[in-house]
Amino acid sequence: MRLLSIDWRSLILYRKSLYLLLPPPPALLFSCHNWQEELYSQKDRPATGGDVSAPAAEKMARDALAAAADAQAALKKKTAAARSWILFDSSGEGTILDADKYAIMHRVQIHARDLRILDPLLSYPSTILGRERAIVLNLEHIKAIITADEVLLRDPTEENVIPIVEELRRRLRSDNVINQAHGEGRENINGQHDLDGVEEDESPFEFRALEVALEAICSYLDARTTELETAAYPALDELTSKISSRNLDRVRKLKSAMTRLTARVQKVRDELEQLLDDDDDMADLYLTRKLAGASSPVSGSGVPNWLPGSPTIGSKISRASRASAATIHGNENDVEELEMLLEAYFMQIDGTLNKLATLREYIDDTEDYINIQLDNHRNQLIQLELFLSSGTVCLSLYALVAGIFGMNIPYSWNDNHGYVFKWVVGISGLVSGFLFIFIIAYARHKGLVGS
Numbered sequence: 426m427r428l429l430s431i432d433w434r435s436l437i438l439y440r441k442s443l444y445l446l447l448p449p450p451p452a453l454l455f456s457c458h459n460w461q462e463e464l465y466s467q468k469d470r471p472a473t474g475g476d477v478s479a480p481a482a483e484k485m486a487r488d489a490l491a492a493a494a495d496a497q498a499a500l501k502k503k504t505a506a507a508r509s510w511i512l513f514d515s516s517g518e519g520t521i522l523d524a525d526k527y528a529i530m531h532r533v534q535i536h537a538r539d540l541r542i543l544d545p546l547l548s549y550p551s552t553i554l555g556r557e558r559a560i561v562l563n564l565e566h567i568k569a570i571i572t573a574d575e576v577l578l579r580d581p582t583e584e585n586v587i588p589i590v591e592e593l594r595r596r597l598r599s600d601n602v603i604n605q606a607h608g609e610g611r612e613n614i615n616g617q618h619d620l621d622g623v624e625e626d627e628s629p630f631e632f633r634a635l636e637v638a639l640e641a642i643c644s645y646l647d648a649r650t651t652e653l654e655t656a657a658y659p660a661l662d663e664l665t666s667k668i669s670s671r672n673l674d675r676v677r678k679l680k681s682a683m684t685r686l687t688a689r690v691q692k693v694r695d696e697l698e699q700l701l702d703d704d705d706d707m708a709d710l711y712l713t714r715k716l717a718g719a720s721s722p723v724s725g726s727g728v729p730n731w732l733p734g735s736p737t738i739g740s741k742i743s744r745a746s747r748a749s750a751a752t753i754h755g756n757e758n759d760v761e762e763l764e765m766l767l768e769a770y771f772m773q774i775d776g777t778l779n780k781l782a783t784l785r786e787y788i789d790d791t792e793d794y795i796n797i798q799l800d801n802h803r804n805q806l807i808q809l810e811l812f813l814s815s816g817t818v819c820l821s822l823y824a825l826v827a828g829i830f831g832m833n834i835p836y837s838w839n840d841n842h843g844y845v846f847k848w849v850v851g852i853s854g855l856v857s858g859f860l861f862i863f864i865i866a867y868a869r870h871k872g873l874v875g876s
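Numbering-wise (the numbering used here), the sequence shown opens with residue 426 and increments by one.
If you want it as structure tokens, here you go:
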């Protein structure tokens, strides 16, 4: 009988690919199919004693094929999750996008280093970046790209992102309805819309989307702070009443969680503060204004097409063109609307940080109180040690007298003087007692022992 040929080295490589979540090579899948075909061709042949049995080999091949399919499905699911985006337009309609980074970069015209900030597999601090045609937003779990007319939100199926998706859909739809009502109300006699009045009243699309993101992250961090306070204050009170290893470990974990949360809140606060301190950075977030300036005759003369995507030279030249266009329209350095928006959420995140600072002070006060209690117990132990040491010295002197008279040395005055024993014992005891009292009184006089 012809032996069943199985490439065991390929099987080992296949198992390693499973652990690494890599797709198995095509040659390995072809080898698995060859195993199965050879098994089906030899299924009816009798097996000899030294050959591999056909049912066992067939089961092995089936397991290999099933595992390969599972690995490919897991890899496909992981890749799809990493490339999953949801697109919201100005009307609040959401569309799921399965696009790679190059398609996203081409769509919103940002660089790869800006898109890398939104990679969930990499650890980047909270950042708000203003680019020529987009706002790159990385606030904890909120990773979004905001343009003048759409929002791209990453990982919409994540647990913490689902409420943001619903809020964006609701907020953008309601704002769209309000804007349509404003447009109908401002229609003049000739049937034309008073667009200037509408533009003055309505907030730009990018600010509405940015407001949703800031509100979500501030509410999220405030909720985490409230949960931490709810768990921390009772634990600290319990620790002050009873110091135990269990309570100490519980407070230690809460303090570690508070430190991590404080760092996250501090980073968001610093990012908002940095934006508020720089009017140019805030002006970069006015995407609608920049888009209108780019389409005007002032800024449309002689500016290359590659400049909007460049955050360096192109941004400087485009900023100069925007400044000239803003001067004509009378709104140069007009960032009051965005400043008011950022200040509101800056105050909210600053209040959250103050809560954490108050909690830290309470933890520090509790630690100081516990240290005072431990110092008090330590002092009590020292006092007890002083008492015991003083008593030991006095008893040692008493034992010294007993040892002297207990020596087996013959002397004449021991005869017919039995009453001397009582005097020696009594006087030695009194001297030892007075010595102990003198030591304790001296220690209290010097303040070494409490009264």
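By construction, the Cβ of each residue, glycine as well, lies at the ideal position given by its N, Cα and C atoms.
Keep in mind that this is a model prediction, so the values were computed, not measured.
Item	Value
Starting from the C-beta of residue 771, find all residues in its chain whose C-beta is less than 8 Å away, skip the five residues before and the five after it, and write them out in chain order.	694, 697, 698, 701
Buried or exposed: which applies to residue 680, given that a residue is buried once 16 or more other Cβ atoms fall within 10 Å of its Cβ?	buried
Where does residue 801 land, buried or exposed, given buried means 16+ other C-beta within 10 angstroms?	exposed
Below 8 Å on the Cβ atoms is my contact criterion, and I expect residue 597 with residue 633 to pass it. Report the Cβ-Cβ distance as a whole number of Å.	7 Å
Per DSSP, residue 537 is paired with what?	For residue 537, which the question treats as bridged, DSSP gives no partner whatsoever.
Assess, as a yes-or-no matter, whether the segment 640 to 659 is touched by the segment 772 to 790 under the definition of 3 or more beta carbon pairs within less than 8 Å.	yes
Mapping the DSSP letters down to three states, classify residue 474 as helix, strand or coil.	Only weak support exists for where residue 474 lies, its pLDDT of 45 falling under 50; the value from the coordinates is given anyway. Here residue 474 sits in coil by DSSP.
Bridge partners of residue 552, per DSSP?	563
Using 8 Å as the cut-off, can you tell me whether the segment 551 to 563 makes contact with the segment 705 to 716, which would need three or more C-beta pairs spanning the two stretches below that distance?	yes
Tell me whether the segment 564 to 577 and the segment 528 to 538 touch, counting them as touching only if at least three CB pairs, one residue from each stretch, are closer than 8 Å.	yes
With DSSP run on the structure shown, which of helix, strand or coil describes residue 693?	helix
What's the call for residue 551, buried or exposed, on a 16-neighbour Cβ count within 10 Å?	buried
Does the Cβ of residue 849 lie closer than 7 Å to at least one heavy atom of the ligand ADP?	Questions concerning the ligand ADP fall outside what the structure shown contains, since it holds no ligand whatsoever.
In terms of residues, what are the limits of the alpha helix (DSSP H) holding residue 788?	761 to 830
With residue 875 as the anchor, note down where its alpha helix (DSSP H) starts and where it stops.	No alpha helix (DSSP H) contains residue 875, which DSSP labels as neither H nor E.
Tell me whether residue 582 sits in a helix, a strand or coil according to DSSP, three-state version.	coil
Per DSSP, residue 670 forms a beta bridge with which residues?	DSSP lists no partner for residue 670.
For residue 817 and residue 867, I'd like the C-alpha separation in whole angstroms.	17 Å
May I ask you to verify whether the segment 784 to 792 touches the segment 654 to 673, counting CB pairs closer than 8 Å and requiring at least 3?	yes
Suppose contacts are defined by Cβ-Cβ distances below 8 Å. Is residue 590 in contact with residue 519 by that definition?	yes
Note down the Cα distance separating residue 871 from residue 806, rounded to an integer number of angstroms.	18 Å
For a test of the three-state rule: what should DSSP assign to residue 569, helix, strand or coil?	strand
With distances taken from CA atoms, which of 814, 511, 517 is nearest residue 529?	511
Give the range of the alpha helix (DSSP H) segment to which residue 853 is assigned.	844 to 870
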